[in-house]
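Engineer:
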Amino acid sequence: QVQLEESGGGLVQAGGSLRLSCVAPRRTFSSHTMGWFRQAPEKEREFVAAINWSGNTYYADSVKGRFTISRDNAKATVYLQMNSLKPEDTAVYYCNAVRYSISTNYWGQGTQVTVSS
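Counted the way our numbering counts, the sequence shown spans residues 94 to 210.
#1: With distance defined between alpha-carbon atoms, name the residue in Y193, W200, V185 and M175 nearest to V206.
#2: Under the three-state reduction of DSSP, which class applies to R138: helix, strand or coil?
#3: Using a Cβ-Cβ cut-off of 6 angstroms (strictly less than) and excluding sequence neighbours within five positions of T204, which residues of its own chain qualify?
#4: Got a sec: does the ligand GDP put a non-hydrogen atom nearer than 7 angstroms to the Cβ of G128?
#5: So, for P180: in the same chain, excluding its five sequence neighbours on each side, which residues have a beta-carbon less than 8 angstroms away from its beta-carbon?
#6: Since W200 sits in a beta bridge, which residues does DSSP pair it with?
#7: Does the Cβ of G128 have 16 or more other Cβ atoms within 10 Å, making it buried, or fewer, making it exposed?
#8: Run through the region 101-153 for me and flag every whole alpha helix (DSSP H) of 4 or more residues, listed as ranges in chain order.
#9: DSSP on S163, reduced to helix/strand/coil?
#10: So for S155, helix, strand or coil by DSSP?
#11: Cutting at 6 angstroms between CB atoms, please list the residues of its own chain near T126, excluding the five before and the five after it.
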């Protein structure tokens, strides 16, 4: 079983910033697209951002211009820098590693982000 270890969640006021981190096994990190999803109470899990091995990034419209995804290949870690946070960003954030060609899809345990108004 592949383990993705997230950290960095917490409570922040609206307009503030947080940075989430996710460490993956090196073999998984080097062969999968890494991303972040989130799930708010009573809502479905939704895509936030992703980055592939080449460094190409993808964002949900709701976070474009505010969130930045990056990866440190030496540390096998993916980051999500979240700026200008809004109360509607409140959710459990999940790290994801996916490789569609071999149908592998792994999830972290989730980290809570709460933005107060």
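We put the beta carbon where it would ideally sit given N, CA and C, even for glycine.
Structural biologist: Quick look at the numbers:
#1: V185
#2: coil
#3: E99, G102 and Y186
#4: The ligand GDP is not part of the structure shown, which contains no ligands of any sort.
#5: A107, V208, S209 and S210
#6: N189
#7: buried
#8: 119-122
#9: strand
#10: coil
#11: A143, N145 and V191
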